[in-house]
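Residues -12 to 190 in my numbering are what the sequence shown spells out, letter by letter.
Note that CB positions come from ideal geometry on N, CA and C, so glycine has one too.
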Amino acid sequence: MTLTSTMRQRAIMHIKQKFDHLFDVISSPGFLNKEALGGEIPFFISTYKIEMGLEIDKAIKGLINKLETQGVSILVLNLYDITCEILESKGGMDRMFRIEKTKSKAKFLRALQSSINIHQILMPWIAKMIEDSDAKVYFITGVGMVYPFIRSHNVLNNLQNIAKDCPTLMFFPGEYDGHSLKLFSLLKDDNYYRAFNIEKVKI
């Protein structure tokens, strides 16, 4: 859907309000100390409309800068960037381009998923990034860019034992109702109910 000028201005104002709220929540001692979670894992989701992806990317960068000036260090886990780094370490992107040209879509998808196997490769890679970091909060980005070979619910399920020491916030291009993820507001990713909608978190 194409946004009119007025709709876009309203959306930009909404993003500003959203990210002011995110800053207030994330910089609060209660959030950083994982208080009031009732024993649940410290996973949070912030949704947005895919049409506003560029504005969201800018807002995330601004939020990180603002938080770090307050002493809240952030580790960004950009799934697209991580995927590219993994593929480069396994023969380079040119290899995958050759496979894409010579194989069917199904075979290419299988080859890609094999190269970034979520259990054997992707999660250990992320675990190493977390181990090497002294961040207080983890941001997961690039979710839409790695669909369909990496699914957000699989990432969250497998991160539960890796990213449990610090709050983790996934920026999700779609909808989350507390029970299921709907990518791009069109595609049902799968059920996931262990994350909190950060928009509803009060300080």
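{"Item": "Once the 5 residues before and after Ile105 are set aside, which same chain residues still bring their CB inside 8 angstroms of it?", "Value": "Ile137, Asn141, Val142, Asn145"}
{"Item": "Could you tell me the alpha carbon to alpha carbon distance between Lys123 and Leu64, rounded to whole angstroms?", "Value": "13 angstroms"}
{"Item": "Could you tell me which residues DSSP pairs with Glu162 in its beta bridges?", "Value": "Lys169"}
{"Item": "Secondary structure at Lys21, three-state DSSP: helix, strand or coil?", "Value": "coil"}
{"Item": "If you run the structure through DSSP and keep just helix, strand and coil, what is Ser33?", "Value": "strand"}
{"Item": "Determine the closest residue to Ile69 out of Lys88, Ser102, Lys5, with distance taken between C-alpha atoms.", "Value": "Ser102"}
{"Item": "I'd like to know whether the C-beta atoms of Phe194 and Ala182 end up nearer to each other than 8 angstroms.", "Value": "Outside the displayed range of the chain (-12 to 190) lies residue 194, so it cannot be described from this structure."}
{"Item": "Could you check what DSSP says for Ile86 in three-state terms: helix, strand or coil?", "Value": "helix"}
{"Item": "Hey, quick one: how far does the beta strand (DSSP E) through Val63 stretch, first residue to last?", "Value": "61 to 65"}
{"Item": "Rank Asp81, Pro154, Lys115, Met39 by C-alpha distance to the C-alpha of Ile127 and give the top, closest one.", "Value": "Pro154"}
{"Item": "According to DSSP, Phe126 sits in a beta bridge with which residue or residues?", "Value": "Val63, Leu156"}
{"Item": "Give every residue of the same chain whose Cβ lies closer than 7 angstroms to the Cβ of Ile28, excluding the five residues on either side of it in the sequence, and list them in chain order.", "Value": "Gln147, Lys151, Arg181"}
{"Item": "Under 6 angstroms Cβ to Cβ from Ser60, same chain only, skipping five residues before and after it: list those, please.", "Value": "Ala122, Lys123"}
{"Item": "Does the region 34 to 53 come close enough to the region 1 to 16 that 3 or more CB-CB pairs lie under 8 angstroms?", "Value": "yes"}
{"Item": "Label Leu54 either buried or exposed according to how many other C-beta atoms from any shown protein chain fall within 10 Å of its C-beta, with 16 as the threshold for buried.", "Value": "buried"}
{"Item": "Short of 7 angstroms in beta carbon distance, which residues of its chain neighbour Ile86, apart from the five on each side in sequence? Order them along the chain.", "Value": "Phe95, Ala98"}
{"Item": "Measure the alpha-carbon distance for Glu22 versus Met80 and round it to whole angstroms.", "Value": "43 angstroms"}
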